[in-house]
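Worksheet: one structure, shown below.
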Amino acid sequence: MEIRSASNPKDVKNYTTERLREEFHIAKLFTKDNIRMVYSHIDRIITAGIMPVYSELKLEAGKELAADYFLQRREMGCINIGGKGIITVDGTEYEMNPRDGIYIGMGNKDISFKCVDIENPPKFYVSSCPAHTSYPVVKIDITKAKKVPCGSKEDCNKRVINQYIHPEVMQSCQLAMGLTMLDVGSNWNTMPCHTHDRRMEVYLYLDMDENDAVFHMMGEPDETRHIIMHNEEAVISPSWSIHTGVGTKNYSFIWAMCGENQEFDDMDFIETKDLK
């Protein structure tokens, strides 16, 4: 498990491209028969990529959590962006087709991941944060996610937000998670942009070709920076930072949030004319 420290916006203003990527960019999330985890001290979120092919992979706490098992004091969400797989939670198997999601609450001990077809292995994208109580396991396939159309073709940001772990879909402690899909011809996400000082956020960009990229914008509204993102790479967004991006073509991204509350109307919108 890789550990990332929290950051101060005053320091980030002086970061080089290399340092910016070192602190916030997460690459190589999915490698065969491996679990890659990044623990951020920003709201203590864990971002993980799990790709079983030949071996069943078990989620372990590790010494970094100082816990007997991974979800002893945590909850987690997972969306499968690869082929069909199976997640087993305390002996109960859940079939995970492409774009299926699942919420697993605090207290579940034995969690493992396995492949169904080695020619098309699953890619389980996991977000986990601290929890204060336990809620039931909920399987949420993409048809059960709440769909929120937004944006417009004229503004190059027509998209559908699929809310998986969200107060209007199911109950969690503080984790929220979903999948946003941009229409063909649209390439901006979350514009006009915003901050939400009560919650941090992590984006995973996907559905991109090898030579495509998203220019992910971050930083304080009057001191922005960008990180170039490629397919299946994630980026950490502190609560003080804007988070938006523009791609060389349309793409999708998974967003995961945690922090003080789940009130989605507490965003502080930034006028585009005020960005610097």
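Using UniProt numbering, you'd call the opening residue of the sequence shown number 1 and step up by one each time. Where is the CB? At the ideal position from N, CA and C, for every residue including glycine.
Once you ignore the five residues that flank residue i on each side, which residues in its own chain have a CB closer than 7 Å to its CB?
i	result
Glu168	Lys146
Asp274	Pro221
Thr190	His243, Thr244
Ala27	Glu233
Ser7	Glu23, Pro238
His230	Met208, Ala213
Cys129	Asp43, Arg44, Ile45, Arg74, Glu75, Gln174, Leu175, Cys258
Lys32	Met51, Val53
Ser134	Gly105, Met106, Gly107
Trp240	Pro9, Thr195, Asp197, Glu220
Asn115	For clarity, residue 115 is Cys in the given sequence; the question names Asn instead. Pro52, Val53, Gly85, Pro121, Pro122, listed in sequence order.
Phe215	His226, Ile228, Gly245, Val246
Return the bridge partner residues of residue i from the DSSP annotation.
i	result
Val138	Tyr103
Thr88	Glu93, Ser112
Tyr164	Paired residues: none, contrary to the question.
Glu223	Glu220
Gly185	Beta-bridge pairing links Gly185 to no other residue.
Ser7	Bridge partners of Ser7: none, in fact.
Met229	Val214
Thr31	DSSP, once it has assigned bridges, lists no residue as partnering Thr31.
Asp43	Paired residue(s): none; Asp43 is not in a bridge.
Asp268	Thr195
What first and last residue would you give for the alpha helix (DSSP H) that runs through residue i?
i	result
Phe24	17-24
Helix, strand or coil, according to DSSP, for residue i in the structure here?
i	result
Val12	helix
Leu175	coil
Lys147	strand
Asp274	helix
Glu2	strand
His194	strand
Cys258	strand
Asp155	coil
Ile118	coil
Val126	strand
Taking the continuous beta strand (DSSP E) assigned at residue i, which residues delimit it?
i	result
His216	214-220
Val202	199-206
His132	Note, His132: premise wrong, no beta strand (DSSP E); not H, not E.
His243	242-247
Tyr39	34-40
Ala48	46-51
Ser237	233-237
What residues in its chain sit with their C-beta under 6 Å from that of residue i, if we drop five residues either side in the sequence?
i	result
Ile111	Leu59, Val89
Cys78	Ile102, Phe124, Val126
Val184	Asn250
Thr248	Asp212, Ala213
Phe113	Ile50, Pro52, Leu57, Ile87, Phe124
Leu71	Met106, Asn108
Glu260	Arg198
Tyr69	Ala61, Lys109
Arg36	Leu29, Gly49
Arg99	Ile142
Whose C-beta lies closer than 8 Å to the C-beta of residue i among residues of the same chain, with five residues either side of it excluded?
i	result
Asp117	Gly83, Lys84
Asn97	Asn80, Lys84, Asp141
Asp268	His194, Thr195, His196, Asp197
Asn120	Gly82, Gly83, Lys84
Arg225	Val12, Tyr15, Leu20, Met217, Met218, Gly219
Ile270	Pro192, Cys193, His194, Thr195, Pro221, Ile242
Is residue i near the ligand SAM, judged by its Cβ being under 8 Å from some heavy atom?
i	result
Ile50	No copy of the ligand SAM appears in this structure; indeed no ligand is present at all.
> Mind pulling the beta strand (DSSP E) runs of 3 or more residues that sit fully within the stretch 55-84?
Replying inline: Within the stretch 55-84, complete beta strand (DSSP E) segments of at least 3 residues are found at 74-80, given in chain order.
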